[in-house]
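To start, the structure under review is shown below, and the notes come after it.
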Amino acid sequence: MTEADPESAEIENTAAGETAEENESTEADDLPSLRITADYQFGAGAGSALFPRDEKLEIRRSSSGRPQQVHADGTRLVTYATDGRFTLGLAGGSRLANALDSPAGRVIVGDESEPFVRDGKNVFAKFVDEADGDIRAGDEVLVTHENGDLLAVGRAELDADAILDFTTGMAVKVRDGAGE
Numbered sequence: 001m002t003e004a005d006p007e008s009a010e011i012e013n014t015a016a017g018e019t020a021e022e023n024e025s026t027e028a029d030d031l032p033s034l035r036i037t038a039d040y041q042f043g044a045g046a047g048s049a050l051f052p053r054d055e056k057l058e059i060r061r062s063s064s065g066r067p068q069q070v071h072a073d074g075t076r077l078v079t080y081a082t083d084g085r086f087t088l089g090l091a092g093g094s095r096l097a098n099a100l101d102s103p104a105g106r107v108i109v110g111d112e113s114e115p116f117v118r119d120g121k122n123v124f125a126k127f128v129d130e131a132d133g134d135i136r137a138g139d140e141v142l143v144t145h146e147n148g149d150l151l152a153v154g155r156a157e158l159d160a161d162a163i164l165d166f167t168t169g170m171a172v173k174v175r176d177g178a179g180e
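Residue numbers (full-length UniProt numbering): 1 to 180.
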């Protein structure tokens with residue numbers, strides 16, 4: 001079989017139990033449950049913001065067929081972890097920042113730490129100006145500047161009260177910084 005032989009490729013896919021139509025319908029079938037998971041994790045409206053109905057999304061799967069990453073225009077929106085929660089990519093964080101009212105899902109920092117966070121450095125509690133009161137340790141959060149710019153996405157290491165009360169320690173483990 002050659003790579004340019006579409007008939008052989010279709011026979012191989014069919015032998016493996018897959019057809020192009022089945023693969024596409026599986027992706028369409030996954031989107032409602034992914035939207036529900038996003039709404040549960042990030043709040044009402046997050047699912048529609050991350051995975052709009054009118055946009056072509058690419059779902060990359062694990063070897064077992066489980067959704068693993070969701071991409072739009074070649075950019076990672078989210079990774080669907082084995083614990084059933086999403087980890088945000090910067091593009092997904094940007095969509096959430098536009099959809100959710102501040103301070104929902106956010107840790108807000110000022111000018112002093114802005115360049116470091118933008119470069120992907122972690123956020124320390126002493127530099128946090130404001131945080132969503134519903135943040136728990138382990139939650140995926142948006143790190144924004146006080147002017148509203150998205151600086152990074154990451155995982156909260158402390159709950160909201162601790163983030164605001166502590167003067168030492170890491171508040172957010174940054175996964176992706178926005179860069180320049």
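The beta-carbon is built from N, C-alpha and C at its ideal position, and this holds for glycine as well.
With 16 as the cutoff for other CB atoms within 10 Å, does N147 come out buried or exposed?
exposed
Just checking, does the segment 86-100 make contact with the segment 165-180 on the three C-beta pairs under 8 Å criterion?
yes
Just to confirm my understanding: we take A99, look at its own chain, exclude 5 residues before and 5 after, and list those with CB closer than 7 Å. What are they?
G45, A46, A49
Note down, in chain order, each residue of its chain lying with its Cβ closer than 7 Å to the Cβ of R61, except the 5 sequence neighbours on either side.
P67, Q68
Looking at V107: is its Cβ nearer than 8 Å to the Cβ of V153?
no
Is the segment 102-118 touching the segment 50-58 in the sense that three or more CB pairs, one from each, lie closer than 8 Å?
no
Looking only at its own chain, which residues have a Cβ that is under 8 Å from the Cβ of I36, when we skip the five neighbours before and after it?
G47
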